[in-house]
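The structure appears right after this line, and notes come after that.
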Amino acid sequence: MKLFSTTGLGLATAMAVGLAVPASAETELTMYYPIAVGGALTEVVDSIVADFEAANPDIKVNAIYSGNYDDTRVRALSALASGEPAQLAVMFSIDAYDLIEQELVIPFEEVATTDADKEWLDGFYPALMANGKIEGQTWGIPFQRSTIVAYYNKDLFRAAGLDPEAPPTTWDEMISMGKTLTQGDTYGLMIPSTGYPYWMFQALAIQNGKEVMSNDGLTTYFDDPTVVETLEFWKSLSAEHGIMPTGTVEWGTLRQAFLEGQTAMMWHSTGNLTAVKKGASFDFGVAELPANVRKGSPTGGGNFYLFKDTTDEERAAALKLMQFMTSPEQAAAWSIGTGYMGVSSAAYETDALKAYTAEFPPALVARNQLENAVAEFSTFETARVRDGLNNAIQSALTGAKEPAEALAEAQAAAVRLLKDYQ
(Lines of atoms letter the chains of each structure in order from A and count residues from 1; the text may use other names and numbers.)
(Lines give C-alpha, C1' and ligand atoms only; values in the text may rest on other atoms or scores of the structure.)
Protein backbone atom coordinates (compact mmCIF):
# COMPACT_ATOMS: atom_id res chain seq x y z
CA MET A 1 0.00 0.00 0.00
CA LYS A 2 1.43 3.38 -1.05
CA LEU A 3 0.49 5.85 1.68
CA PHE A 4 2.81 8.67 0.78
CA SER A 5 2.74 9.87 -2.80
CA THR A 6 5.82 10.02 -5.00
CA THR A 7 3.83 11.41 -7.91
CA GLY A 8 2.98 14.82 -6.47
CA LEU A 9 6.25 16.57 -7.44
CA GLY A 10 6.43 20.27 -6.67
CA LEU A 11 6.92 22.80 -9.45
CA ALA A 12 10.55 23.49 -8.56
CA THR A 13 11.37 19.79 -8.43
CA ALA A 14 9.69 19.15 -11.76
CA MET A 15 11.64 21.96 -13.43
CA ALA A 16 14.89 20.83 -11.82
CA VAL A 17 14.64 17.34 -13.27
CA GLY A 18 13.55 18.60 -16.65
CA LEU A 19 9.96 17.42 -16.62
CA ALA A 20 7.30 19.22 -18.59
CA VAL A 21 5.34 21.58 -16.38
CA PRO A 22 1.59 21.67 -17.12
CA ALA A 23 -0.21 24.89 -17.83
CA SER A 24 -1.96 26.66 -14.97
CA ALA A 25 -4.80 24.68 -13.45
CA GLU A 26 -8.20 25.60 -14.77
CA THR A 27 -10.02 25.18 -11.46
CA GLU A 28 -8.65 25.96 -8.01
CA LEU A 29 -10.16 24.56 -4.83
CA THR A 30 -9.57 25.52 -1.21
CA MET A 31 -10.36 22.82 1.35
CA TYR A 32 -10.11 23.26 5.12
CA TYR A 33 -9.72 20.15 7.26
CA PRO A 34 -9.11 19.25 10.93
CA ILE A 35 -7.00 16.76 12.85
CA ALA A 36 -8.40 16.00 16.30
CA VAL A 37 -6.04 13.26 17.50
CA GLY A 38 -2.60 14.68 16.78
CA GLY A 39 0.13 12.86 14.88
CA ALA A 40 1.31 13.28 11.31
CA LEU A 41 -2.09 12.81 9.71
CA THR A 42 -1.56 15.90 7.57
CA GLU A 43 1.02 13.91 5.62
CA VAL A 44 -1.61 11.33 4.69
CA VAL A 45 -4.01 14.06 3.52
CA ASP A 46 -1.25 15.75 1.53
CA SER A 47 -0.40 12.44 -0.11
CA ILE A 48 -3.97 11.76 -1.19
CA VAL A 49 -4.35 15.32 -2.51
CA ALA A 50 -1.06 15.01 -4.44
CA ASP A 51 -2.30 11.79 -6.04
CA PHE A 52 -5.55 13.53 -6.99
CA GLU A 53 -3.73 16.47 -8.58
CA ALA A 54 -1.49 14.10 -10.53
CA ALA A 55 -4.55 12.37 -11.93
CA ASN A 56 -6.40 15.67 -12.48
CA PRO A 57 -3.83 18.27 -13.64
CA ASP A 58 -6.60 20.74 -14.46
CA ILE A 59 -7.57 21.00 -10.75
CA LYS A 60 -5.42 22.67 -8.09
CA VAL A 61 -6.24 21.86 -4.45
CA ASN A 62 -5.18 24.04 -1.52
CA ALA A 63 -5.62 21.67 1.43
CA ILE A 64 -5.38 23.75 4.59
CA TYR A 65 -4.92 22.04 7.95
CA SER A 66 -6.80 24.24 10.40
CA GLY A 67 -6.59 22.72 13.89
CA ASN A 68 -9.28 20.70 15.66
CA TYR A 69 -12.93 20.50 14.61
CA ASP A 70 -13.98 23.68 16.37
CA ASP A 71 -10.96 25.57 15.02
CA THR A 72 -11.73 24.37 11.51
CA ARG A 73 -15.34 25.47 11.65
CA VAL A 74 -14.33 28.93 12.85
CA ARG A 75 -11.56 29.30 10.28
CA ALA A 76 -13.60 28.05 7.32
CA LEU A 77 -16.65 30.15 8.15
CA SER A 78 -14.50 33.22 8.85
CA ALA A 79 -12.90 32.81 5.43
CA LEU A 80 -16.32 32.64 3.80
CA ALA A 81 -17.53 35.69 5.72
CA SER A 82 -14.50 37.72 4.66
CA GLY A 83 -14.89 36.81 1.00
CA GLU A 84 -11.96 34.41 0.79
CA PRO A 85 -12.70 31.56 -1.62
CA ALA A 86 -13.39 28.16 -0.07
CA GLN A 87 -15.35 25.53 -1.89
CA LEU A 88 -15.34 22.62 0.53
CA ALA A 89 -14.26 21.60 4.02
CA VAL A 90 -14.05 18.63 6.32
CA MET A 91 -15.91 19.70 9.44
CA PHE A 92 -17.70 18.04 12.32
CA SER A 93 -20.38 15.65 11.14
CA ILE A 94 -22.53 17.27 13.83
CA ASP A 95 -22.23 20.75 12.30
CA ALA A 96 -24.83 19.93 9.66
CA TYR A 97 -27.85 21.55 11.32
CA ASP A 98 -26.06 24.85 11.90
CA LEU A 99 -24.57 24.93 8.39
CA ILE A 100 -28.01 24.30 6.88
CA GLU A 101 -29.62 26.92 9.11
CA GLN A 102 -27.03 29.49 8.03
CA GLU A 103 -27.56 28.53 4.36
CA LEU A 104 -23.84 27.96 3.86
CA VAL A 105 -23.92 24.49 2.27
CA ILE A 106 -25.86 22.69 -0.43
CA PRO A 107 -27.21 19.12 -0.48
CA PHE A 108 -25.23 16.70 -2.58
CA GLU A 109 -28.30 15.70 -4.55
CA GLU A 110 -27.86 19.03 -6.38
CA VAL A 111 -24.48 18.01 -7.79
CA ALA A 112 -24.37 14.19 -7.61
CA THR A 113 -26.89 13.63 -10.37
CA THR A 114 -25.57 10.82 -12.57
CA ASP A 115 -26.22 7.15 -11.91
CA ALA A 116 -22.58 6.75 -10.88
CA ASP A 117 -22.88 9.70 -8.50
CA LYS A 118 -26.00 8.22 -6.92
CA GLU A 119 -24.28 4.87 -6.54
CA TRP A 120 -21.44 6.68 -4.77
CA LEU A 121 -23.89 8.34 -2.36
CA ASP A 122 -25.45 4.96 -1.59
CA GLY A 123 -22.10 3.27 -0.96
CA PHE A 124 -21.32 4.59 2.53
CA TYR A 125 -22.12 2.79 5.77
CA PRO A 126 -25.62 3.89 6.84
CA ALA A 127 -24.48 4.58 10.42
CA LEU A 128 -21.93 7.07 9.07
CA MET A 129 -24.59 8.80 6.97
CA ALA A 130 -26.91 9.37 9.94
CA ASN A 131 -25.48 12.78 10.86
CA GLY A 132 -25.27 13.99 7.27
CA LYS A 133 -28.68 12.92 6.00
CA ILE A 134 -31.35 15.37 7.13
CA GLU A 135 -34.94 15.58 5.93
CA GLY A 136 -34.26 13.28 3.00
CA GLN A 137 -31.22 15.09 1.65
CA THR A 138 -27.49 14.45 1.99
CA TRP A 139 -25.57 17.39 3.44
CA GLY A 140 -22.38 15.69 4.62
CA ILE A 141 -20.20 12.96 3.11
CA PRO A 142 -18.26 10.67 5.52
CA PHE A 143 -14.48 10.99 5.44
CA GLN A 144 -12.64 11.26 8.76
CA ARG A 145 -14.96 8.97 10.71
CA SER A 146 -14.69 7.04 13.93
CA THR A 147 -16.30 5.32 16.83
CA ILE A 148 -14.96 5.31 20.38
CA VAL A 149 -13.00 2.15 21.14
CA ALA A 150 -11.39 0.72 24.29
CA TYR A 151 -7.60 0.40 24.15
CA TYR A 152 -6.03 -1.87 26.75
CA ASN A 153 -2.54 -2.90 27.80
CA LYS A 154 -2.27 -6.68 27.48
CA ASP A 155 1.01 -6.77 29.39
CA LEU A 156 -0.63 -5.12 32.41
CA PHE A 157 -3.56 -7.57 32.10
CA ARG A 158 -1.10 -10.48 32.26
CA ALA A 159 0.79 -8.99 35.19
CA ALA A 160 -2.50 -8.60 37.09
CA GLY A 161 -3.52 -12.20 36.38
CA LEU A 162 -6.21 -11.24 33.86
CA ASP A 163 -6.79 -12.87 30.48
CA PRO A 164 -5.21 -10.50 27.91
CA GLU A 165 -7.63 -11.72 25.26
CA ALA A 166 -10.73 -11.02 27.38
CA PRO A 167 -11.23 -7.27 27.92
CA PRO A 168 -14.35 -6.17 29.82
CA THR A 169 -17.63 -6.54 27.97
CA THR A 170 -19.90 -5.10 30.69
CA TRP A 171 -19.74 -2.17 33.11
CA ASP A 172 -19.47 -4.60 36.05
CA GLU A 173 -16.50 -6.34 34.43
CA MET A 174 -14.90 -2.96 33.68
CA ILE A 175 -15.11 -2.01 37.34
CA SER A 176 -13.88 -5.39 38.57
CA MET A 177 -10.95 -5.54 36.14
CA GLY A 178 -10.25 -1.87 36.71
CA LYS A 179 -9.78 -2.48 40.42
CA THR A 180 -7.42 -5.37 39.73
CA LEU A 181 -5.42 -3.25 37.30
CA THR A 182 -5.19 -0.16 39.54
CA GLN A 183 -1.79 -0.59 41.12
CA GLY A 184 0.80 1.96 42.21
CA ASP A 185 0.89 4.83 39.74
CA THR A 186 -1.27 3.00 37.20
CA TYR A 187 -5.02 3.48 37.02
CA GLY A 188 -7.31 0.80 35.66
CA LEU A 189 -9.20 3.12 33.33
CA MET A 190 -9.18 6.62 31.93
CA ILE A 191 -12.08 8.17 29.99
CA PRO A 192 -11.28 11.66 28.69
CA SER A 193 -13.47 14.46 29.97
CA THR A 194 -11.94 17.43 28.19
CA GLY A 195 -12.00 18.10 24.47
CA TYR A 196 -15.13 16.11 23.65
CA PRO A 197 -16.69 15.06 26.99
CA TYR A 198 -20.20 15.02 25.50
CA TRP A 199 -19.03 12.26 23.10
CA MET A 200 -17.85 9.94 25.86
CA PHE A 201 -20.96 10.75 27.88
CA GLN A 202 -23.20 9.90 24.96
CA ALA A 203 -21.50 6.50 24.73
CA LEU A 204 -22.15 5.83 28.41
CA ALA A 205 -25.76 6.98 28.14
CA ILE A 206 -26.39 4.75 25.13
CA GLN A 207 -24.89 1.81 27.00
CA ASN A 208 -27.24 2.65 29.86
CA GLY A 209 -30.18 2.49 27.47
CA LYS A 210 -30.93 6.18 26.81
CA GLU A 211 -30.20 8.61 24.00
CA VAL A 212 -29.39 12.20 24.99
CA MET A 213 -31.17 13.81 22.01
CA SER A 214 -33.95 13.23 19.50
CA ASN A 215 -33.14 12.46 15.88
CA ASP A 216 -34.58 15.72 14.55
CA GLY A 217 -32.21 18.10 16.32
CA LEU A 218 -34.98 19.68 18.40
CA THR A 219 -34.98 17.97 21.80
CA THR A 220 -32.46 16.96 24.44
CA TYR A 221 -32.93 14.62 27.40
CA PHE A 222 -30.14 15.75 29.72
CA ASP A 223 -32.31 15.66 32.87
CA ASP A 224 -33.82 12.23 32.20
CA PRO A 225 -33.28 10.02 35.29
CA THR A 226 -31.33 7.45 33.26
CA VAL A 227 -29.06 10.17 31.87
CA VAL A 228 -28.47 11.54 35.38
CA GLU A 229 -27.72 8.01 36.55
CA THR A 230 -25.17 7.75 33.74
CA LEU A 231 -23.24 10.79 34.92
CA GLU A 232 -23.37 9.48 38.49
CA PHE A 233 -21.84 6.24 37.22
CA TRP A 234 -19.03 8.06 35.43
CA LYS A 235 -18.22 9.99 38.59
CA SER A 236 -18.34 6.78 40.65
CA LEU A 237 -15.47 5.31 38.66
CA SER A 238 -13.16 7.64 40.56
CA ALA A 239 -15.12 8.69 43.66
CA GLU A 240 -16.40 5.25 44.64
CA HIS A 241 -14.41 2.61 42.77
CA GLY A 242 -11.06 4.39 42.53
CA ILE A 243 -10.18 3.01 39.11
CA MET A 244 -9.92 6.43 37.45
CA PRO A 245 -8.29 9.74 38.52
CA THR A 246 -10.51 12.29 40.23
CA GLY A 247 -11.40 15.44 38.34
CA THR A 248 -10.96 15.64 34.60
CA VAL A 249 -8.87 13.49 32.27
CA GLU A 250 -7.23 15.35 29.39
CA TRP A 251 -8.20 14.34 25.86
CA GLY A 252 -5.00 15.64 24.29
CA THR A 253 -2.53 13.87 26.59
CA LEU A 254 -4.41 10.64 27.26
CA ARG A 255 -2.82 8.69 24.42
CA GLN A 256 0.63 9.45 25.81
CA ALA A 257 -0.54 8.55 29.32
CA PHE A 258 -1.64 5.17 27.97
CA LEU A 259 1.66 4.66 26.14
CA GLU A 260 3.55 5.49 29.36
CA GLY A 261 1.59 2.97 31.40
CA GLN A 262 -0.32 5.50 33.50
CA THR A 263 -3.56 3.67 32.68
CA ALA A 264 -4.24 0.07 31.74
CA MET A 265 -7.34 0.94 29.70
CA MET A 266 -8.48 4.06 27.90
CA TRP A 267 -11.46 5.06 25.81
CA HIS A 268 -10.52 7.12 22.78
CA SER A 269 -11.15 7.64 19.09
CA THR A 270 -10.15 4.91 16.68
CA GLY A 271 -8.35 7.75 14.93
CA ASN A 272 -5.55 7.18 17.46
CA LEU A 273 -5.05 3.57 16.42
CA THR A 274 -2.10 3.91 14.06
CA ALA A 275 -0.30 6.29 16.43
CA VAL A 276 -0.80 3.85 19.33
CA LYS A 277 0.40 0.99 17.13
CA LYS A 278 3.57 2.90 16.27
CA GLY A 279 4.17 4.22 19.79
CA ALA A 280 3.38 1.28 22.06
CA SER A 281 6.33 -0.56 23.59
CA PHE A 282 3.95 -3.19 24.94
CA ASP A 283 1.36 -5.63 23.67
CA PHE A 284 -2.00 -3.89 23.41
CA GLY A 285 -5.53 -4.74 22.35
CA VAL A 286 -8.57 -2.87 21.08
CA ALA A 287 -12.13 -3.75 22.01
CA GLU A 288 -15.66 -2.53 21.50
CA LEU A 289 -16.98 -0.50 24.41
CA PRO A 290 -18.57 -2.47 27.26
CA ALA A 291 -22.32 -2.71 27.69
CA ASN A 292 -24.69 -2.12 30.57
CA VAL A 293 -28.25 -2.28 29.20
CA ARG A 294 -26.87 -2.54 25.65
CA LYS A 295 -23.72 -2.13 23.59
CA GLY A 296 -23.10 1.15 21.87
CA SER A 297 -20.94 4.04 20.78
CA PRO A 298 -21.78 7.21 18.90
CA THR A 299 -20.07 7.66 15.58
CA GLY A 300 -17.74 10.62 15.39
CA GLY A 301 -15.47 12.63 13.19
CA GLY A 302 -15.70 14.79 10.11
CA ASN A 303 -17.73 14.96 6.92
CA PHE A 304 -17.13 16.74 3.66
CA TYR A 305 -19.37 19.77 3.10
CA LEU A 306 -19.81 21.68 -0.16
CA PHE A 307 -20.24 25.42 0.27
CA LYS A 308 -23.10 27.19 -1.44
CA ASP A 309 -21.13 30.10 -2.87
CA THR A 310 -19.33 28.10 -5.56
CA THR A 311 -19.43 28.06 -9.35
CA ASP A 312 -20.66 25.09 -11.35
CA GLU A 313 -17.07 24.33 -12.36
CA GLU A 314 -15.91 24.44 -8.74
CA ARG A 315 -18.76 22.20 -7.64
CA ALA A 316 -17.89 19.64 -10.30
CA ALA A 317 -14.21 19.73 -9.31
CA ALA A 318 -15.03 19.51 -5.60
CA LEU A 319 -17.30 16.54 -6.23
CA LYS A 320 -14.52 14.83 -8.18
CA LEU A 321 -12.09 15.45 -5.28
CA MET A 322 -14.48 14.09 -2.67
CA GLN A 323 -15.24 11.03 -4.77
CA PHE A 324 -11.51 10.42 -5.15
CA MET A 325 -10.77 10.84 -1.45
CA THR A 326 -13.60 8.49 -0.43
CA SER A 327 -12.94 5.90 -3.14
CA PRO A 328 -12.27 2.39 -1.82
CA GLU A 329 -8.53 2.57 -2.49
CA GLN A 330 -8.03 5.97 -0.92
CA ALA A 331 -10.34 5.17 2.00
CA ALA A 332 -8.22 2.07 2.61
CA ALA A 333 -5.02 4.13 2.53
CA TRP A 334 -6.56 6.67 4.90
CA SER A 335 -7.66 3.96 7.34
CA ILE A 336 -4.26 2.26 7.34
CA GLY A 337 -2.41 5.55 7.67
CA THR A 338 -4.51 6.90 10.52
CA GLY A 339 -6.74 4.36 12.26
CA TYR A 340 -9.95 6.07 11.16
CA MET A 341 -12.31 3.59 9.59
CA GLY A 342 -12.86 3.02 5.91
CA VAL A 343 -16.16 4.73 5.17
CA SER A 344 -17.60 2.04 2.90
CA SER A 345 -17.75 -1.73 2.80
CA ALA A 346 -15.91 -1.52 -0.53
CA ALA A 347 -12.87 -0.09 1.27
CA TYR A 348 -12.62 -3.29 3.32
CA GLU A 349 -12.75 -5.37 0.13
CA THR A 350 -9.57 -3.80 -1.25
CA ASP A 351 -6.50 -5.99 -1.23
CA ALA A 352 -4.64 -3.44 0.88
CA LEU A 353 -7.15 -3.25 3.72
CA LYS A 354 -7.89 -6.98 3.64
CA ALA A 355 -4.20 -7.69 4.06
CA TYR A 356 -3.78 -5.05 6.77
CA THR A 357 -6.73 -6.18 8.88
CA ALA A 358 -5.68 -9.83 8.55
CA GLU A 359 -2.30 -8.86 9.97
CA PHE A 360 -3.73 -6.35 12.48
CA PRO A 361 -7.30 -7.29 13.50
CA PRO A 362 -7.74 -4.29 15.87
CA ALA A 363 -8.23 -2.21 12.71
CA LEU A 364 -11.67 -3.85 12.34
CA VAL A 365 -13.02 -3.02 15.80
CA ALA A 366 -14.38 0.46 15.05
CA ARG A 367 -16.00 -0.75 11.84
CA ASN A 368 -17.56 -3.76 13.57
CA GLN A 369 -18.94 -1.48 16.28
CA LEU A 370 -21.06 0.32 13.69
CA GLU A 371 -23.58 -2.47 14.19
CA ASN A 372 -24.36 -0.94 17.60
CA ALA A 373 -23.57 2.69 16.79
CA VAL A 374 -25.84 5.72 16.80
CA ALA A 375 -25.50 9.20 15.33
CA GLU A 376 -23.23 11.56 17.23
CA PHE A 377 -24.91 14.18 19.41
CA SER A 378 -26.24 16.95 17.16
CA THR A 379 -28.97 19.56 17.42
CA PHE A 380 -29.71 22.99 16.10
CA GLU A 381 -27.45 25.46 17.91
CA THR A 382 -25.16 22.46 18.32
CA ALA A 383 -22.09 24.30 19.60
CA ARG A 384 -23.89 26.15 22.39
CA VAL A 385 -26.07 23.20 23.40
CA ARG A 386 -23.00 20.98 23.44
CA ASP A 387 -21.03 23.46 25.53
CA GLY A 388 -23.76 23.39 28.16
CA LEU A 389 -23.57 19.61 28.33
CA ASN A 390 -19.76 19.65 28.43
CA ASN A 391 -19.80 22.12 31.33
CA ALA A 392 -22.32 19.99 33.21
CA ILE A 393 -20.21 16.88 32.82
CA GLN A 394 -17.03 18.59 33.99
CA SER A 395 -18.68 20.32 36.93
CA ALA A 396 -20.02 16.97 38.13
CA LEU A 397 -16.74 15.11 37.68
CA THR A 398 -14.80 17.81 39.53
CA GLY A 399 -17.33 17.88 42.36
CA ALA A 400 -18.41 21.48 41.74
CA LYS A 401 -22.05 20.35 41.33
CA GLU A 402 -24.11 17.24 41.79
CA PRO A 403 -24.86 15.43 38.49
CA ALA A 404 -28.63 16.06 38.74
CA GLU A 405 -28.17 19.79 39.33
CA ALA A 406 -25.60 20.20 36.57
CA LEU A 407 -27.66 18.32 34.00
CA ALA A 408 -30.87 20.16 34.94
CA GLU A 409 -29.11 23.45 34.22
CA ALA A 410 -27.80 22.15 30.89
CA GLN A 411 -31.28 20.94 29.96
CA ALA A 412 -32.86 24.30 30.81
CA ALA A 413 -30.28 26.08 28.68
CA ALA A 414 -30.86 23.67 25.78
CA VAL A 415 -34.62 24.22 25.95
CA ARG A 416 -34.08 27.97 25.71
CA LEU A 417 -31.74 27.63 22.75
CA LEU A 418 -33.97 25.24 20.85
CA LYS A 419 -37.38 26.82 21.46
CA ASP A 420 -37.27 28.94 18.31
CA TYR A 421 -36.78 25.82 16.17
CA GLN A 422 -39.77 23.92 17.50
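Heads up: the sequence shown is residues -25 to -1, 1 to 397, going by mature numbering (1 follows the signal peptide of the UniProt record, and there is no 0).
Using N, Cα and C, we set each Cβ at its ideal position, and we do this for glycine too.
Here the structure is a predicted model, which means the values were calculated and not measured.
- Where ARG361 is concerned, the enclosing alpha helix (DSSP H) starts and stops at 357 to 372.
- Sorting SER121, GLU140, ASP160 by C-alpha distance to the C-alpha of ASP130 places GLU140 at the top.
- At a Cβ-Cβ threshold of 7 Å, VAL261 and PRO167 do not count as neighbours.
- Close CB contacts of ASN365 within its chain, under the 7 Å cut and outside five residues either way in sequence, are with PRO172, TYR173 (chain order).
- With a threshold of 16 other beta carbon atoms within 10 Å, GLY276 meets it and is buried.
- Within the stretch 113 to 170, the complete beta strand (DSSP E) segments at least 3 residues long are 116 to 128, listed from N- to C-terminus.
- In this structure ALA135 is in contact with LEU156, their Cβ atoms being roughly 5 Å apart against a cut-off of 8 Å.
- In the three-state scheme derived from DSSP, where H, G and I count as helix and E and B as strand, VAL20 is classed as helix.
- Excluding sequence positions up to five before and after ALA178, its CB lies within less than 7 Å of the CB of ILE123, LEU264, GLY271, SER272, PRO273, all in the same chain and listed in chain order.
- Given a length threshold of 4 residues, each whole run of the alpha helix (DSSP H) inside the stretch 290 to 354 is given here in chain order: 303 to 313, 326 to 334, 340 to 343.
- Relative to MET165, the option among TRP226, ASN106, PHE299 whose CA is nearest is TRP226.
- GLY260 is bridged by DSSP to TYR127.
- Contact between GLY317 and TYR323 holds: their C-beta atoms lie close to 6 Å from each other, under 8 Å.
- In the DSSP assignment, PRO273 falls within the unbroken beta strand (DSSP E) covering 272 to 281.
- The bridge partners DSSP lists for TYR44 come to none.
- Annotation for MET241: TYR126, MET165, LEU229, PHE233 place their beta carbon closer than 6 Å to its own, counting only its chain and skipping 5 residues before and after.
- Within the same chain, Cβ atoms closer than 7 Å to the Cβ of ILE69 are found at ASN106, GLU351, PHE352, SER353, THR357, the five residues on either side in sequence being excluded.
- According to the DSSP assignment, TYR196 belongs to no alpha helix (DSSP H), since it is labelled neither H nor E.
- Its Cα nearest to that of ASN37, the residue MET6 stands out among LEU206, GLN112, MET6.
- Here DSSP, grouped into helix, strand and coil, assigns ILE69 to helix.
- Shown here for ALA266: same chain residues with a beta carbon closer than 6 Å to its own, the five before and five after excluded, namely THR145, GLN182 in chain order.
- The bridge partners DSSP lists for ALA38 are MET6.
- Per DSSP, the continuous beta strand (DSSP E) segment holding MET240 begins and ends at 240 to 244.
- In this structure, the alpha-carbon of SER319 lies about 16 Å from that of ASN347.
- By the Cβ-count criterion, ARG269 is exposed, with fewer than 16 other Cβ atoms from all chains shown falling within 10 Å of its own Cβ.
- DSSP places LYS93 in the helix class (H, G or I) of the three-state scheme.
- Minimum Cα-Cα distance from SER256 among the listed residues ASN247, GLY236, HIS243 corresponds to GLY236.
- Contact between the stretch 302 to 309 and the stretch 77 to 90 is absent: fewer than three C-beta pairs spanning the two stretches fall below 8 Å.
- Where PRO200 is concerned, the enclosing alpha helix (DSSP H) starts and stops at 200 to 214.
- By the criterion of a C-beta distance shorter than 8 Å, GLY184 is surrounded in its chain by THR201, ASN267, VAL268, ARG269, once the five residues flanking it on both sides are discounted.
- Ranked by how close their Cα comes to the Cα of THR161, the residues ASP138, LEU206, PHE132 have PHE132 in first place.
- DSSP places ALA30 in the helix class (H, G or I) of the three-state scheme.
- Taking the C-beta atoms as reference points, THR221 is found nearer than 7 Å to SER213.
- Between LEU137 and LYS283, the C-beta spacing is not below 7 Å.
- Annotated three-state conformation of VAL224 is coil, per DSSP.
- If you draw a straight line from the Cα of PHE259 to the Cα of ASN128, it is about 5 Å long.
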